[in-house]
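Down below is the structure, laid out as structure tokens.
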Amino acid sequence: MAGEAYEKRLVEDALALHLRTMGAVLIEGPRRCGKTTTARRFSRSVLRVDDPRTMEDPAFWAELAPERLLTGAAPRLIDEWEHIPTIWDDVRSEVDRRSDPGQFILTGSAEPVNPGRIFHSGTGRFARMRMRPMTLFESGESTGVVSLRGLFEGRFEACADMNAGSGLTREALAYAACRGGWSASVVKAGEAALSTTRRIVRKALREAAARAAKHPPAEEALRGLLRVVVLHAGTTDPVTKLHRELADERVSLRCFRAVLGALRDTFVTEDLDAWTAPLRSAARLPTTPERSFCDPSFVSVGLGLAPEKLLHDRTAFGKVFRALCLRDLRVCADLLEGGLAHWRDRVGRASLVVTAWDGRYGLVAVSPGGGRAEERNAGMLRAMAAKINVERRGAPSFLMVLTADGCGARRREDGVWVVPVGCFGP
Numbered sequence: 001m002a003g004e005a006y007e008k009r010l011v012e013d014a015l016a017l018h019l020r021t022m023g024a025v026l027i028e029g030p031r032r033c034g035k036t037t038t039a040r041r042f043s044r045s046v047l048r049v050d051d052p053r054t055m056e057d058p059a060f061w062a063e064l065a066p067e068r069l070l071t072g073a074a075p076r077l078i079d080e081w082e083h084i085p086t087i088w089d090d091v092r093s094e095v096d097r098r099s100d101p102g103q104f105i106l107t108g109s110a111e112p113v114n115p116g117r118i119f120h121s122g123t124g125r126f127a128r129m130r131m132r133p134m135t136l137f138e139s140g141e142s143t144g145v146v147s148l149r150g151l152f153e154g155r156f157e158a159c160a161d162m163n164a165g166s167g168l169t170r171e172a173l174a175y176a177a178c179r180g181g182w183s184a185s186v187v188k189a190g191e192a193a194l195s196t197t198r199r200i201v202r203k204a205l206r207e208a209a210a211r212a213a214k215h216p217p218a219e220e221a222l223r224g225l226l227r228v229v230v231l232h233a234g235t236t237d238p239v240t241k242l243h244r245e246l247a248d249e250r251v252s253l254r255c256f257r258a259v260l261g262a263l264r265d266t267f268v269t270e271d272l273d274a275w276t277a278p279l280r281s282a283a284r285l286p287t288t289p290e291r292s293f294c295d296p297s298f299v300s301v302g303l304g305l306a307p308e309k310l311l312h313d314r315t316a317f318g319k320v321f322r323a324l325c326l327r328d329l330r331v332c333a334d335l336l337e338g339g340l341a342h343w344r345d346r347v348g349r350a351s352l353v354v355t356a357w358d359g360r361y362g363l364v365a366v367s368p369g370g371g372r373a374e375e376r377n378a379g380m381l382r383a384m385a386a387k388i389n390v391e392r393r394g395a396p397s398f399l400m401v402l403t404a405d406g407c408g409a410r411r412r413e414d415g416v417w418v419v420p421v422g423c424f425g426p
């Protein structure tokens with residue numbers, strides 16, 4: 001993606017559909033992921049709630065004359081609505097009054113601080129969407145020849161060309177992961193892009209801390225907090241363990257919990273729920289969610305690693321690569337009205353489970369390397385698939401090892417797909 005030209009985002013088709021069928025659409029996601037830019041393309045009038053030039057006291061204005069906020073050509077964009085949470089019920093009432101679809105688009109970078117001021121869930125009036133930083137396919141760094149939709153539909157010949165390489169070297173992948181999918185970074189290059197990303201990550205951390213505590217921890221303490229959370233990403237470790245490892249008297253356990261909650265409420269972190277499927281045995285599956293990040297740049301910044309150093313740290317590269325795969329898998333699964341979960345068995349084997357809206361599912365292993373790692377992960381996927389009671393749940397639609405290496409996607413003799421992330425797309 002070069003220059004300042006707008007590139008179509010994967011959520012646009014779903015947004016257009018919601019506007020044809022629902023009175024209002026809520027787009028949620030972390031700051032700087034592109035919500036406002038995309039929403040503006042579908043709106044005919046705009047109100048920026050967090051822009052001081054728009055109004056001096058938006059909360060007072062909303063309570064005094066909410067209709068002034070809602071007046072404008074439809075669809076009307078209300079940007080960062082969470083700053084005046086009472087507008088939610090006002091929009092809901094106006095949708096009921098007009099009885100037409102496509103009236104409002106609301107964008108939000110956080111859950112409202114005081115949700116108690118909202119009296120209606122919005123069910124039947126609002127469609128909710130999650131927007132995340134760009135995938136590699138959106139930023140033009142993945143060919144997308146392996147389609148998640150195609151894998152679910154069994155279109156193997158169409159979705160993977162043995163001769164279609166990813167074109168994404170390991171060095172380019174490390175750079176793309178550290179830069180992240182932030183709109184303001186993707187349009188830049190080199191150190192300018194990386195510096196922009198670091199500012200975005202640190203600002204997000206400061207904003208979460210300010211939301212969590214009246215007297216938030218100092219910048220140095222926040223960086224230590226981020227590092228600990230990054231080191232435990234992809235685990236189900238309790239908060240108390242993370243706080244003990246932080247070992248910073250400036251951050252109490254109560255403050256630590258509050259900052260973690262604020263990171264979740266501002267969509268920086270996302271819980272990766274555990275998958276519960278009927279197994280052939282009576283073994284109970286772990287049900288604790290994993291903590292993960294919306295973008296791999298939080299992991300690289302938390303570890304203090306630039307692309308060059310990341311390439312020489314196998315463990316860190318694995319963490320950053322997994323965060324990148326989670327982001328791209330989530331975005332692509334959302335397009336199928338599905339989701340992403342983790343599955344751990346009792347002997348420690350773990351895979352990701354991608355689901356579609358109709359209950360179909362696929363098992364995915366994330367592997368930064370090839371060779372023996374590929375064999376190990378393919379064997380793990382086959383072993384875990386064999387545990388599933390297919391009479392009750394059905395067989396998985398596909399098994400896939402998503403890897404950092406390789407010049408093209410291929411299907412192994414055992415049926416497992418090996419797909420470089422630079423070939424993966426929606």
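Position 275, counted from 1, in the sequence shown is what UniProt numbering calls 275; the numbers after and before it change by one each time, with no gaps.
Beta carbons: idealized from backbone N, C-alpha and C, even for Gly.
With 16 or more other CB atoms across the displayed protein chains lying within 10 angstroms of its CB, D334 is buried. Listed in chain order, the non-local C-beta contacts of N377 below 6 Å within the same chain comprise A365, S367 and V401, local neighbours out to five positions each way being set aside. Judged by DSSP in its simplified three-state form, T143 adopts coil rather than helix or strand. For I200, the enclosing alpha helix (DSSP H) stretches over residues G190 to A212.
Listed in chain order, the alpha helix (DSSP H) runs fully inside the stretch 77-119 are 87-98, counting runs of at least 4 residues.
Sequence-distant partners of D273 (beyond 5 residues in either direction) whose C-beta falls short of 6 Å from its own C-beta, in its chain, are P289 and A341. Within the DSSP bridge table, the entry for F424 names V146 as partners. The alpha-carbon of F424 is positioned some 10 Å away from that of V418.
By the 16-neighbour rule on beta-carbons within 10 angstroms, R76 is buried. Look at E270 here: in three-state DSSP terms it is strand. One alpha carbon belongs to A212, the other to P112, and they sit about 13 Å apart.
Residue G379 holds the alpha-carbon nearest to the alpha-carbon of V416 among D405, T86, G379 and V145.
The continuous alpha helix (DSSP H) containing G224 extends over residues E219 to L231. Three or more beta-carbon pairs drawn from the stretch 174-189 and the stretch 124-134 are found closer than 8 Å, and the two stretches are therefore classed as touching.
The residue among T21, F317 and A233 with its C-alpha nearest the C-alpha of E171 is F317.
If you check the CB distance, F293 and A258 do not come in under 7 Å.
The shortest CA-to-CA distance from L363 to any of L352, L69, A356 and R372 is the one to L352.
With 16 or more other Cβ atoms inside 10 Å of its own Cβ, P396 counts as buried. Between the alpha carbons of R346 and D50 lies a distance of about 48 Å. Within the same chain, Cβ atoms closer than 7 Å to the Cβ of V201 are found at S297, F298 and V301, the five residues on either side in sequence being excluded. Annotation for L19: V25, F42, P75, P101 and G102 place their beta carbon closer than 7 Å to its own, counting only its chain and skipping 5 residues before and after. When secondary structure is reduced to three states using DSSP, M134 falls in the coil class, being assigned neither helix nor strand. Beta bridge pairing from DSSP links W343 with S351. Out of A218, A221 and L168, the CA that lies nearest to the CA of G408 is found in L168. The continuous alpha helix (DSSP H) containing R244 extends over residues V239 to L246.
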